[in-house]
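Q: Those protein sequences? They're chains C and Z, same order as listed. The first sequence runs 1 to 277 under the numbering used here. The second sequence runs 278 to 471 under the numbering used here. C-beta: ideal position from N, C-alpha, C; glycine also. All values derive from a computational prediction rather than experimental measurement. Take this structure first; my questions come after.
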Amino acid sequence: MARRYDSRTTIFSPEGRLYQIEYAMEAISHAGTVLGVLAKDGVVLAAEKKVTGKLLDLSSVKEGGYGGSGEKIFLLNRNVIAGVAGFSADANSLINYSRQSAQRHLFSYNEDIPVEQLVQRLCDLKQGYTQYGGAFIPLCVTSSLHMATGLRPFGVSLLYAGYDPHYQFQLYHSDPSGNYSGWKATCIGANNGTAQSLLKQEYKEDISVEDAIDLVIRVMSKTMDSTTLSSEKLEFATLKLDETTRQPVAKIYRPADVDALLAKQGIGKKDGDVEMK
Amino acid sequence: MECSFALTGKGYVLIAADMTSARSIVKMKHDEDKVKPLGPHLLMTYSGEPGDTVQFAEYVERNLRLYQIRNHSVLRPHSAASWIRRTLADSLRSRSPYSVNLLVGGYDVSEHEPHLYWIDYLGTMATVPFAAHGYGSYFALSLLDRYHNPSASLEEGIETLKRCIDEVQKRLIIGLGKFKVRVVDKDGVREIEI
Chain C
1 MARRYDSRTT IFSPEGRLYQ IEYAMEAISH AGTVLGVLAK DGVVLAAEKK VTGKLLDLSS
61 VKEGGYGGSG EKIFLLNRNV IAGVAGFSAD ANSLINYSRQ SAQRHLFSYN EDIPVEQLVQ
121 RLCDLKQGYT QYGGAFIPLC VTSSLHMATG LRPFGVSLLY AGYDPHYQFQ LYHSDPSGNY
181 SGWKATCIGA NNGTAQSLLK QEYKEDISVE DAIDLVIRVM SKTMDSTTLS SEKLEFATLK
241 LDETTRQPVA KIYRPADVDA LLAKQGIGKK DGDVEMK
Chain Z
278 MECSFALTGK GYVLIAADMT SARSIVKMKH DEDKVKPLGP HLLMTYSGEP GDTVQFAEYV
338 ERNLRLYQIR NHSVLRPHSA ASWIRRTLAD SLRSRSPYSV NLLVGGYDVS EHEPHLYWID
398 YLGTMATVPF AAHGYGSYFA LSLLDRYHNP SASLEEGIET LKRCIDEVQK RLIIGLGKFK
458 VRVVDKDGVR EIEI
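Structural data, given as structure tokens:
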């Protein structure tokens, strides 16, 4: 009779579990893979796009914006990029929230928000949905009517790649329960077990960005369903330091850049290939 | 008649303020400490409306401490000064503004450089190599223009600071008595007897 404890996010089951949170995590393990590797001079993110098809209009993706297709990898602030796995609509709302948090910090302190603080802001929001069911804490006992009662948690896990002067380059992961942790290399979404064990084997301390890019693409090509990688299926981003200004520079690859990168690595789609649909 | 000076050197910021507390023509106190350590590598002098000064300085001190406890990290000098400026600017536009002039000096442990900021009660902030508030600034700034050296050792910096203090004591119509001097560098904040 698990149903009795399913309907609300904030109620423990007799075994001491929060089912809605576990279901959210389950949803994420079917989402497109997102992979991150921390290098000594940068961070690399790659994401598998699930929503593809030849009828999808991608004409707006080719140019404009800051790169990417706006489906999996986003710029949160000048010094932080994030890859998302899970419900895109939920993710959009979280991304909007984190961008606002980052700007608020900039307004108060005139500095880019430290990466861990940005992760904490988002995790505080996510955690709210596992306990009191929403973003608003009732501040006054008499106005309990204003208490928000959320129906479900955010079905989103994120990988954050960031830089700040306190801890230099960092890679974080957060899940729907509001837990977060720092990583040298990690993976979320479908096949994350396979990717994690590959990363565990192949990751080396003091890896360079160039080698990290190589590693990420190698692992991605092994975990993804399709045999040939292309910009249709893959999003890619790096965060490095500008050599002259020593400021972080986020580069979210445009589709053409992704294809060029894959060709350079020798696992791109060749002209004659036809992908099986 | 309050007066405060600050100057940067090689890896340090020197900050000094007079120690009088006056009301009208009466000197009420001669051992008032107006140089507040705000963190392990941050110092601030305050002058202006009596009452406002201590109230605001303590407000800043405790908020910066709260940030430190919450985030397990200390605000860097630039960020702390920016927050203080913002707080003053917000206060200026409220019903009861703080009327306080500040010098904020700090040592940035992540980029290993000293920083000094001049802030007034209108919420103006300037990043400067040396600074002064009060009547003393009329005498000290020209001396600092002539003698300040951004790569001077601590001993040379103290000499320059002494010149400023001596000039004020000599030319200003009222003697200001003793000065409290503190320095901040890579080892943190400490007091200096001059």
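Assuming tyrosine 160 of chain C and valine 119 of chain C are in contact, meaning their beta carbons sit under 8 Å apart, how far apart are those beta carbons, in whole angstroms?
A: Taking the first sequence and counting its residues from 1, one reaches residue 160 of chain C at position 160. Taking the first sequence and counting its residues from 1, one reaches residue 119 of chain C at position 119. Between valine 119 of chain C and tyrosine 160 of chain C the Cβ distance is about 6 Å, and since that is below 8 Å, they are a contact.
Q: I think alanine 357 of chain Z touches isoleucine 396 of chain Z, with their Cβ atoms under 8 Å apart; what is that distance to the nearest whole Å?
A: Here residue 357 of chain Z refers to the residue found at position 80 when the second sequence is read from its first residue. Here residue 396 of chain Z refers to the residue found at position 119 when the second sequence is read from its first residue. Between isoleucine 396 of chain Z and alanine 357 of chain Z the Cβ distance is about 11 Å, and since that is not below 8 Å, they are no contact.
Q: Among Z/His410, Z/Ile346, Z/Tyr394 and Z/Gly383, which has the Cα closest to the Cα of alanine 480 of chain Z?
A: Outside the modelled stretch of chain Z, which goes from 278 to 471, sits residue 480 of chain Z, for which no answer is possible.
Q: I want to verify the contact list: residues of chain Z whose CB lies under 9 Å from the CB of glutamate 111 of chain C, in sequence order.
A: Taking the first residue of the first sequence as position 1, residue 111 of chain C is located at position 111. By Cβ distance, chain Z contributes Leu352, Arg353, His355, Ser356 and Ser359.
Q: Specify the secondary structure class of aspartate 41 of chain C as computed by DSSP and reduced to three states.
A: As a position in the first sequence, residue 41 of chain C is number 41, starting the count at 1. Looking at aspartate 41 of chain C - three-state DSSP - the assignment turns out to be coil, as it is neither helix nor strand.
Q: Taking the straight line between their C-alpha atoms, what separation do you get for leucine 75 of chain C and tyrosine 167 of chain C?
A: Taking the first residue of the first sequence as position 1, residue 75 of chain C is located at position 75. Taking the first residue of the first sequence as position 1, residue 167 of chain C is located at position 167. Those two C-alpha atoms are separated by around 20 Å.
Q: I need the boundaries of the beta strand (DSSP E) containing tryptophan 395 of chain Z, first residue and last residue.
A: Indexing the second sequence from 1 puts residue 395 of chain Z at position 118. Taken as a continuous stretch (DSSP letters only), the beta strand (DSSP E) holding tryptophan 395 of chain Z covers 390-396.
Q: Where do the N-terminal and C-terminal ends of the beta strand (DSSP E) with arginine 459 of chain Z fall, by residue?
A: The residue given as residue 459 of chain Z occupies position 182 in the second sequence. From DSSP, the beta strand (DSSP E) with arginine 459 of chain Z extends over 456-462.
Q: On the DSSP bridge list, what partners appear for threonine 404 of chain Z?
A: Taking the second sequence and counting its residues from 1, one reaches residue 404 of chain Z at position 127. BP columns for threonine 404 of chain Z point to Z/Tyr394.
Q: Keeping to the same chain, check which residues put their C-beta closer than 6 Å to that of tyrosine 375 of chain Z; ignore five residues upstream and five downstream.
A: Working through the second sequence from its first residue, we reach residue 375 of chain Z at position 98. The answer, listed in chain order, is Asp329, Phe333 and Ser368.
Q: Are any of the Cβ atoms in chain C nearer than 7 Å to that of serine 387 of chain Z?
A: As a first step, residue 387 of chain Z must be located in the second sequence, where it is residue number 110. By this cut-off, serine 387 of chain Z is an interface position.
Q: Any C-beta of chain Z sitting closer than 7 Å to the C-beta of glutamine 168 of chain C?
A: On the first sequence, residue 168 of chain C is found 168 positions in, with the first residue counted as 1. Not one chain Z Cβ lies under 7 Å of glutamine 168 of chain C.
Q: Under 7 Å, Cβ to Cβ, is there at least one residue of chain C near asparagine 426 of chain Z?
A: The sequence position of residue 426 of chain Z within the second sequence is 149, counting from 1. Taking Cβ atoms only, chain C never reaches closer than 7 Å to asparagine 426 of chain Z, which makes this a no.
Q: For serine 230 of chain C, name the three-state secondary structure that DSSP assigns.
A: Start at 1 with the first residue of the first sequence, and residue 230 of chain C comes out as number 230. Residue state, collapsed to three classes: coil.
Q: Is asparagine 348 of chain Z close to chain C, meaning its C-beta is less than 7 Å from at least one C-beta of that chain?
A: Walking along the second sequence from the start, residue 348 of chain Z turns up at place 71. True, the Cβ-Cβ gap to chain C drops below 7 Å.
Q: Tell me the DSSP secondary structure of alanine 429 of chain Z in three-state form.
A: One-based indexing of the second sequence puts residue 429 of chain Z at position 152. Alanine 429 of chain Z falls in the coil class under three-state DSSP.
Q: Determine the contact status of leucine 215 of chain C and glutamate 205 of chain C, defining contact as a CB-CB distance below 7 Å.
A: Start at 1 with the first residue of the first sequence, and residue 215 of chain C comes out as number 215. Start at 1 with the first residue of the first sequence, and residue 205 of chain C comes out as number 205. No, these two residues do not count as a Cβ contact at 7 Å.
Q: My assumption, with CB atoms under 8 Å, is that lysine 72 of chain C sits in contact with glycine 32 of chain C. Please give the rounded CB distance.
A: Against the first sequence, residue 72 of chain C aligns to sequence position 72. Against the first sequence, residue 32 of chain C aligns to sequence position 32. About 6 Å separates the two Cβ atoms, so the contact holds.
Q: Determine the burial state of isoleucine 302 of chain Z: buried for a count of at least 16 other Cβ atoms within 10 Å of its Cβ, exposed for fewer.
A: Counting from one through the second sequence, the residue named residue 302 of chain Z turns up at place 25. Under this definition isoleucine 302 of chain Z is an exposed residue.
Q: My output table needs one value for methionine 305 of chain Z: the three-state DSSP class, helix, strand or coil.
A: Here residue 305 of chain Z corresponds to residue number 28 of the second sequence, with the count starting at 1. Reduced to three states, the DSSP call for methionine 305 of chain Z is strand.
Q: Would you say proline 165 of chain C reaches chain Z, if we count a Cβ-Cβ gap shorter than 7 Å as a contact?
A: One-based indexing of the first sequence puts residue 165 of chain C at position 165. Proline 165 of chain C counts as touching chain Z.
Q: With a threshold of 8 Å on Cβ separation, who are the neighbours of glutamine 345 of chain Z within its own chain once the five nearest residues in sequence on each side are excluded?
A: Looking up residue 345 of chain Z in the second sequence gives position 68. Result list for glutamine 345 of chain Z: Gly316, Val351 and Leu352, in chain order.
Q: Mind checking if glutamine 100 of chain C is an interface residue toward chain Z, Cβ cutoff 7 Å exclusive?
A: Within the first sequence, numbered from 1, the residue matching residue 100 of chain C stands at position 100. It does not: the Cβ of glutamine 100 of chain C has no partner Cβ on chain Z nearer than 7 Å.
Q: Counting only beta-carbon separations shorter than 7 Å, does serine 88 of chain C have a partner in chain Z?
A: Looking up residue 88 of chain C in the first sequence gives position 88. Not closer than 7 Å to any Cβ of chain Z, the Cβ of serine 88 of chain C fails to qualify, so no.
Q: Take asparagine 378 of chain Z as the anchor and find which of Z/Tyr323, Z/Ala408, Z/Ser430 and Z/Ser414 has the nearest alpha-carbon.
A: Reading the second sequence from its first residue, position 101 is the one you call residue 378 of chain Z. Minimum Cα distance to asparagine 378 of chain Z is reached at Z/Tyr323.
Q: With three or more beta-carbon pairs closer than 8 Å as the criterion, would you say the stretch 39-58 of chain C touches the stretch 95-115 of chain C?
A: no
Q: Using DSSP with H/G/I as helix, E/B as strand and the rest coil, what is phenylalanine 87 of chain C?
A: Position 87 of the first sequence, counted from the start, is the residue given in the question as residue 87 of chain C. In this structure, phenylalanine 87 of chain C counts as coil in the three-state DSSP scheme.
Q: Should valine 458 of chain Z and leucine 320 of chain Z be called a contact, given that it needs their Cβ atoms to be closer than 7 Å?
A: Taking the first residue of the second sequence as 1, we reach residue 458 of chain Z at position 181. Taking the first residue of the second sequence as 1, we reach residue 320 of chain Z at position 43. In this structure, leucine 320 of chain Z does not lie closer than 7 Å to valine 458 of chain Z by Cβ.
Q: Glutamine 247 of chain C CB to nearest chain Z CB: under 7 Å?
A: Translated into the one-based positions of the first sequence, residue 247 of chain C becomes position 247. With 7 Å as the cut-off, glutamine 247 of chain C does not count as an interface residue toward chain Z.
Q: From the DSSP output, which residues share a beta bridge with alanine 250 of chain C?
A: As a position in the first sequence, residue 250 of chain C is number 250, starting the count at 1. For alanine 250 of chain C, which the question treats as bridged, DSSP gives the partners C/Leu239.
Q: Should proline 427 of chain Z be labelled buried (16 or more other beta-carbon atoms within 10 Å of its own) or exposed?
A: Working through the second sequence from its first residue, we reach residue 427 of chain Z at position 150. Looking at its Cβ environment, which holds fewer than 16 other Cβ atoms inside 10 Å, proline 427 of chain Z is exposed.
Q: Under 8 Å Cβ to Cβ from glutamate 309 of chain Z, same chain only, skipping five residues before and after it: list those, please.
A: Along the second sequence, one-based indexing puts residue 309 of chain Z at 32. Taking C-beta separations shorter than 8 Å and ignoring five residues to either side along the sequence, the partners of glutamate 309 of chain Z in its chain run Met296, Thr297 and Ser298, following chain order.
Q: Rounded C-beta distance between threonine 238 of chain C and threonine 194 of chain C? I'm assuming under 8 Å.
A: For this step, residue 238 of chain C is matched to residue 238 along the first sequence. For this step, residue 194 of chain C is matched to residue 194 along the first sequence. So it is not a contact: roughly 23 Å between Cβ atoms.
Q: Going by beta carbon distance, what residues of the same chain come within less than 8 Å of alanine 27 of chain C, once the five residues before and after it are set aside?
A: Indexing the first sequence from 1 puts residue 27 of chain C at position 27. Result list for alanine 27 of chain C: Gly86, Phe87 and Gly155, in chain order.
Q: Are the stretch 257-265 of chain C and the stretch 399-418 of chain Z touching by the rule of at least three beta carbon pairs closer than 8 Å?
A: no
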